[in-house]
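Just so we're on the same page, my numbering is the position in the sequence shown counted from 1, plus 425. Ideal Cβ placement from N, Cα and C applies to all residues, glycine included. First the structure, in the form of structure tokens, and then the observations on it.
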Amino acid sequence: MTAAFDRVRILDSILDHIGGTPLVRINSISKSEGLQCELVAKCEFFNAGGSVKDRIGKRMLERAEAEGIIRPGDTIIEPTSGNTGIGLALTAAVKGYKAIITLPEKMSQEKVDVLKALGAEIVRTPTEAAWDSPESHIGVAKRLNSEIKRSWIPDQYSNVNNPLAHYEGTAEEILAQCGGHIDMFVASAGTGGTIAGVAKKLKEKCPNIIIVGVDPNGSILALPEALNKEGVHSYKVEGIGYDFIPQVLERQYVDQWVKTDDKESFVYARRLIREEGLLCGGSSGAAMAGAIRAAKTLKPGQRCVVLLADSIRNYMTKHLNDGWMAENGFSDDATVKAAETKKL
Ligand code: PMP
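And the structure:
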């Protein structure tokens with residue numbers, strides 16, 4: 426159990442407000458979608474930096490410090506879609522490290538501004554660059570690492586402390602909050618650290634649990650491969666999906682994959698805000714779309730947990746904005762109707 430569960434005290438620093446996020450029942454959407462099971466949301470946007478990735482930002486730095494890999498004054502370099510960068514930059518700011526974040530152009534200005542305010546230096550990279558090209562966010566981070574003395578790449582794609590933060594933290598919290606009663610877990614995948622880490626622990630404790638991964642169309646993380654029939658193409662939802670399989674995404678822990686598109690993701694994100702008061706990001710909408718489809722198979726008395734990864738703060742000029750929704754063709758009434766009636 427994380428120290429953050431104990432809120433009746435003065436925290437040593439804001440890093441103690443990472444973890445211990447609330448699990449909240451989804452009432453209105455469950456009802457209108459005709460779910461028989463209980464649906465609850467793990468609200469990761471309540472972490473100090475606003476996302477699930479604060480957990481790994483803190484853990485990767487603390488473990489590297491403990492192992493003598495880094496010391497204050499060093500430079501942390503990380504390729505990210507923004508939230509790991511915010512988690513790392515927040516931890517770096519509190520602990521006295523420099524941070525350089527390499528970030529694809531697609532990611533929101535809101536993330537850039539938060540990163541800058543936390544003191545991080547940002548290098549933008551072309552969104553369409555293949556992951557293994559020198560121009561990609563991963564390629565540029567590697568080059569900077571070779572050029573800057575006393576610099577280190579935590580590398581969320583292969584760092585064991587990414588899934589371990591969820592195996593030892595997120596999953597233990599969910600088990601405690603559910604009193605051990607959980608039948609399905611749904612999360613969207615980027616590096617896959619969240620789903621693999623949570624799933625491994627939940628499968629140990631609840632062997633019959635069904636783990637559902639959510640992967641956007643345009644990404645190739647889902648299995649079986651036939652699900653990825655659209656191949657690699659761009660999409661608007663941030664933080665999920667890749668054109669390669671990250672090492673930490675141990676897909677043997679995922680029982681089913683659901684593919685989602687931008688429209689249903691943003692419509693569900695807006696519905697989570699409007700109907701449940703949950704101020705979440707677009708990948709949370711994707712996870713919710715996946716949960717609604719997958720949880721239709723569950724019966725009364727069963728429980729599905731869906732993880733909401735980040736906050737609307739990252740998208741004030743994107744899906745929170747009606748003009749942006751309209752410009753992208755996401756705001757017609759039929760969209761909401763279609764999302765409500767969609768079947769697996
Ligand atoms: N949603 C958002 C908004 C994210 O930034 C991320 C991390 N890239 C994820 C979901 C997926 O998390 P993970 O990398 O652990 O799969």
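Supposed contact pair residue j and residue i - C-beta distance, whole angstroms, cut 8 Å
i      : j      : result
ALA590 : GLY564 : Not a contact, Cβ separation roughly 26 Å.
LEU704 : VAL477 : LEU704 to VAL477, Cβ: 15 Å. No contact.
PRO529 : THR552 : 4 Å
Minimum Cβ-Cβ distance from residue i to chain C less than 8 Å
i      : result
PRO649 : Within the model displayed, chain C is absent; a lone protein chain is all it includes.
Residue environment, residue i, which counts as buried when at least 16 other CB atoms sit within 10 Å
i      : result
ALA624 : buried
LEU440 : buried
SER506 : buried
GLU718 : The question names Glu, but residue 718 in the sequence shown is Arg. It counts as buried.
ILE511 : buried
LYS574 : exposed
ALA489 : buried
GLU689 : buried
GLY702 : exposed
GLU492 : exposed
LYS762 : In this prediction, LYS762 scores a pLDDT of 45, lower than 50, which makes its location untrustworthy; no coordinate-derived value is stated.
GLY664 : buried
SER613 : buried
GLY726 : exposed
MET426 : Per-residue confidence for MET426 stands at a pLDDT of 47, beneath the threshold of 50, marking its modelled position as unreliable; the derived number appears in the next sentence. Counting Cβ neighbours within 10 Å, MET426 comes out exposed, since fewer than 16 surround it.
ILE435 : exposed
GLU629 : exposed
GLU598 : buried
Distance, residue j Cα to residue i Cα
i      : j      : result
PHE691 : ASP437 : 37 Å
VAL449 : SER709 : 14 Å
GLY754 : GLY666 : 21 Å
LYS626 : GLU593 : 8 Å
HIS562 : THR616 : 14 Å
PHE470 : ARG699 : 16 Å
ALA711 : VAL639 : 7 Å
ARG568 : PRO447 : 40 Å
VAL402 : ARG696 : Look at the range of the chain in this structure, 426 to 769, and you will see that residue 402 is not part of it.
SER659 : VAL433 : 45 Å
LEU648 : GLU655 : 13 Å
ALA694 : PRO641 : 14 Å
ASP668 : GLU546 : 26 Å
ALA454 : PRO504 : The question names Ala, but residue 454 is Ile in the sequence shown. Approximately 35 Å, taken between the alpha carbons.
CYS462 : ILE636 : 15 Å
ASP758 : TRP749 : In this prediction, ASP758 has a pLDDT of 48, which is less than 50 and means its spatial position is unreliable; what the coordinates show is noted afterwards. Cα to Cα, the separation comes out at about 15 Å.
ASN472 : TRP682 : 26 Å
THR742 : MET532 : 12 Å
ILE525 : VAL548 : 7 Å
ASN452 : ALA720 : 14 Å
ALA596 : GLY475 : 18 Å
SER756 : ARG496 : 49 Å
SER644 : ASN653 : 7 Å
VAL662 : ASP479 : 19 Å
ALA601 : PRO671 : 29 Å
ASN508 : ALA734 : 9 Å
LYS724 : GLY445 : 28 Å
ILE778 : GLU752 : Residue 778 lies beyond the stretch modelled for the chain, which goes from 426 to 769, so this question has no answer here.
THR550 : HIS744 : 23 Å
ALA651 : THR722 : 22 Å
LEU646 : SER576 : 30 Å
GLY707 : GLU560 : 26 Å
ASP687 : GLU572 : 38 Å
Distance CB(residue i)-CB(residue j) smaller than 8 Å
i      : j      : result
ILE502 : ILE578 : yes
ILE634 : VAL679 : no
GLU535 : ASN746 : no
ASP557 : TYR522 : no
LEU543 : LYS520 : no
PHE527 : ALA566 : This sequence places Thr at residue 527; Phe is not what is there. For THR527 and ALA566, yes; Cβs fall inside 8 Å.
CYS603 : ARG728 : yes
ILE494 : GLY618 : no
ALA714 : THR685 : yes
ARG484 : ASN570 : no
LYS467 : VAL657 : no
The ligand GDP heavy atom lying under 7 Å from the CB of residue i
i      : result
SER561 : No copy of the ligand GDP appears in this structure; the ligands present are the ligand PMP.
### Query
Is the region 606 to 613 in contact with the region 573 to 583, if contact means three or more CB pairs nearer than 8 Å?
No, they do not touch.
### Query
Looking at C-beta atoms only, is the number of pairs between the region 450 to 465 and the region 535 to 553 that lie closer than 8 Å three or more?
Cβ pair count under 8 Å is below three, so no.
### Message
For the pair the region 674 to 689 and the region 509 to 519, tell me if three or more CB-CB distances fall below 8 Å.
### Response
Fewer than three pairs of CB atoms, one per stretch, sit closer than 8 Å, so the region 674 to 689 makes no contact with the region 509 to 519.
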